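Novice:
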Amino acid sequence: MPRPDISRLADVLRQRDVSRVVYFHCDHWEPWKTVPGHTRVSSLPITADRIGQFVDDMNALPYARRMTLFYRPGVYTTLDTGKQQGLKAAADDAIVFLSRDEATITHARNAMRDLLDRSEHAIEVHIHHEGYTYNTAPVYPATGAYLESARGRAHEEQRFDLGVRLVLDAIRDETGLAKPHWFFVHGHWALQASDPTVCHIVRELQILAAHGCKGDFTFPAGRGAVNPRLNVPYFVTPIAAAKGYDQPEGNPERAYGNSAAAASKFFIWSSLIKHRGSSLDHYAPWVQERLEKPASAVEEMLRDSYAIDGTLYLKTHAHSMHPAYFEQSAPAVFPLAQPAAQRLFETLMEAAAMADVAFEFLTAGEVYDRFIHAKPQPKAGFALQISGPASDLSGIVPPPPNLK
Numbered sequence: 288m289p290r291p292d293i294s295r296l297a298d299v300l301r302q303r304d305v306s307r308v309v310y311f312h313c314d315h316w317e318p319w320k321t322v323p324g325h326t327r328v329s330s331l332p333i334t335a336d337r338i339g340q341f342v343d344d345m346n347a348l349p350y351a352r353r354m355t356l357f358y359r360p361g362v363y364t365t366l367d368t369g370k371q372q373g374l375k376a377a378a379d380d381a382i383v384f385l386s387r388d389e390a391t392i393t394h395a396r397n398a399m400r401d402l403l404d405r406s407e408h409a410i411e412v413h414i415h416h417e418g419y420t421y422n423t424a425p426v427y428p429a430t431g432a433y434l435e436s437a438r439g440r441a442h443e444e445q446r447f448d449l450g451v452r453l454v455l456d457a458i459r460d461e462t463g464l465a466k467p468h469w470f471f472v473h474g475h476w477a478l479q480a481s482d483p484t485v486c487h488i489v490r491e492l493q494i495l496a497a498h499g500c501k502g503d504f505t506f507p508a509g510r511g512a513v514n515p516r517l518n519v520p521y522f523v524t525p526i527a528a529a530k531g532y533d534q535p536e537g538n539p540e541r542a543y544g545n546s547a548a549a550a551s552k553f554f555i556w557s558s559l560i561k562h563r564g565s566s567l568d569h570y571a572p573w574v575q576e577r578l579e580k581p582a583s584a585v586e587e588m589l590r591d592s593y594a595i596d597g598t599l600y601l602k603t604h605a606h607s608m609h610p611a612y613f614e615q616s617a618p619a620v621f622p623l624a625q626p627a628a629q630r631l632f633e634t635l636m637e638a639a640a641m642a643d644v645a646f647e648f649l650t651a652g653e654v655y656d657r658f659i660h661a662k663p664q665p666k667a668g669f670a671l672q673i674s675g676p677a678s679d680l681s682g683i684v685p686p687p688p689n690l691k
């Protein structure tokens, strides 16, 4: 006798006329945190062991073996005191990107290549730049005071540009992967100056695209105000404006089947489902409470995730290497391995099986490829109209002209 909750979920799939569910997980993956009671350097072997545990635990779960890890490598900055060795965005800039020491390189290279050797996870790019560009909630007071000055703000775009290059260099060095094309998740969700407490870089998409970035998988965001008003995946022309991905001047177009737009525009993943329906971060009590009702959580996922051409694209996100998971238990219980998440995926796959719907696991990059190689949908068209109230971006302060 079928369970009523599974039958109800199978009906949702039938009503949406899908024959396949594509699941992909986008992880804000930040392993190289300083462990309490340790220095940054003495934390490295501990972190490397944690990465090994992550690989083992995810390999044991069929739905967690092909995660997309939006990776934040160890690239550090500081105020220049004349003793640091590293790179600056400009000769008179007081922010230095520190040279990577041998211990950092060795531990990161060994851990990341082991991860790639023993798993099917994809590596993409995650950058936090609130520590070295202007924002209204500075992380470090001394740095914040400099970044707020005319001199500090004059070089912030060049500083972000250098930061992107150094992150890509670090990933290439650690993994051996050449990344001519790649995808992005923004630290604290605040893509392209969409939240002044974090980011004021109004040319962020242009800078990312110049380094080979093809698109963004930040959304749905934990900061709802930064979400696009469009609820479908789309392409947009990068423009120099706060929250430029959400402005009509970017001439948004539907992404599915739109290989022509892919040649010159920037991809934005968006859908009707929002953060509360997508997060698996069980360090948040509300997430744990939601996951304790797996049928209800799965119904929201199936109802609000993006579906087209017979396929439903279901995206989740988490911060699997968040310090909270290592503080809560030893060994850590990663988000996709928690018992409540396992029950959620069992429920999801049971419903798919009952509805005779295939289940497929892709990476974010593979989802992008699936979209741009799809046949255009008849009568769908590509142009999109952005409607609804615009975000209040009055807190975005434009930088001064570069100082000479």
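Everything in the sequence shown is counted per the working numbering, starting at 288 for the first residue and increasing by one.
The C-beta atom is built at its ideal place from N, Cα and C for all residues, glycine as well.
Computed from a prediction, not measured in an experiment: that's the story for all the values here.
In angstroms, rounded to a whole number, what distance separates the CA positions of D292 and L635?
Specialist: Spanning the two alpha carbons is a distance of roughly 11 angstroms.
Novice: Which value, in whole angstroms, describes the spacing of the CA atoms of P610 and K666?
Specialist: So the two alpha carbons sit approximately 48 angstroms from each other.
Novice: Is the number of C-beta pairs between the segment 564-581 and the segment 672-685 that are closer than 8 angstroms three or more?
Specialist: The answer is no - the segment 672-685 does not touch the segment 564-581, with fewer than three Cβ pairs under 8 angstroms.
Novice: Going straight from the alpha carbon of L455 to that of T484, what length do you get?
Specialist: So the alpha carbons of these two residues sit roughly 25 angstroms apart.
Novice: For E317, which residues in the same chain have their Cβ closer than 6 angstroms to its Cβ, ignoring the five residues on either side in sequence?
Specialist: If we look at E317 and ignore the five residues flanking it on each side, its Cβ neighbours are R359 and M608.
Novice: Give the DSSP-derived three-state secondary structure of K691 in the structure shown.
Specialist: Reliability fails at K691, whose pLDDT of 42 lies under 50, so the model's placement of it is uncertain and the value that follows must be treated cautiously. Reduced to three states, the DSSP call for K691 is coil.
Novice: For I494, which of A527, V644 and W476 has the nearest alpha-carbon?
Specialist: Closest option to I494, Cα to Cα, is A527.
Novice: Using DSSP with H/G/I as helix, E/B as strand and the rest coil, what is D314?
Specialist: Correct three-state label for D314: strand.
Novice: At a cut of 8 angstroms, does the segment 550-564 reach the segment 501-520 through at least three beta carbon pairs?
Specialist: Result yes; three or more Cβ-Cβ pairs closer than 8 angstroms.
Novice: Considering only heavy atoms of the ligand GTP, does any lie closer than 7 angstroms to the CB of V644?
Specialist: What this structure holds is no ligand at all, so the ligand GTP is not there to describe.
Novice: Does the Cβ of P622 have 16 or more other Cβ atoms within 10 Å, making it buried, or fewer, making it exposed?
Specialist: Label assigned to P622: buried.
Novice: Hey, would you say Y655 sits closer than 8 angstroms to V309, going by beta carbons?
Specialist: No, Cβ-Cβ distance for Y655 and V309 is not below 8 angstroms.
Novice: Using the C-alpha atoms, what's the distance from E411 back to R459?
Specialist: R459 and E411: Cα-Cα distance of roughly 11 angstroms.
Novice: With DSSP as the reference, label T266 as helix, strand or coil.
Specialist: The chain is shown from 288 up to 691; residue 266 falls before or after that span and cannot be answered.
Novice: Between which two residues does the beta strand (DSSP E) holding I338 run?
Specialist: It is not in any beta strand (DSSP E) - I338 instead sits in the alpha helix (DSSP H) that spans R327 to N346.
Novice: DSSP three-state call for D482: helix, strand or coil?
Specialist: Coil at D482, not helix or strand.
Novice: Between E653 and the rest of its own chain, which residues show a CB-CB distance below 6 angstroms, the 5 nearest in sequence each way excluded?
Specialist: Excluding sequence neighbours, E653 sits near nothing in its chain.
Novice: Is it the case that the Cβ atoms of V342 and S406 are separated by a distance below 8 angstroms?
Specialist: Yes; because the gap between Cβ atoms is below 8 angstroms, this pair is in contact.
Novice: Looking only at its chain, what residues have a beta carbon closer than 7 angstroms to the beta carbon of L671, apart from the 5 residues adjacent to it on each side?
Specialist: Here the set comprises L517, Y521, P539, E540 and R541.
Novice: Tell me whether G675 sits in a helix, a strand or coil according to DSSP, three-state version.
Specialist: In the structure shown, G675 sits in coil (DSSP, three-state: anything other than H, G, I, E or B).
Novice: In its own chain, which residues sit with a C-beta less than 7 angstroms from the C-beta of P515, not counting the 5 before and 5 after it?
Specialist: Here the set comprises F506, Y532, D533, I555 and S557.
Novice: Hey, quick one: how far does the beta strand (DSSP E) through F621 stretch, first residue to last?
Specialist: Taken as a continuous stretch (DSSP letters only), F621 belongs to no beta strand (DSSP E), as it is neither H nor E.
Novice: Can you list, in chain order, the residues of its chain with a C-beta nearer than 8 angstroms to that of G597? Leave out the 5 residues immediately preceding and following it.
Specialist: These residues qualify, in order along the chain: D304, V305, S306 and R307.
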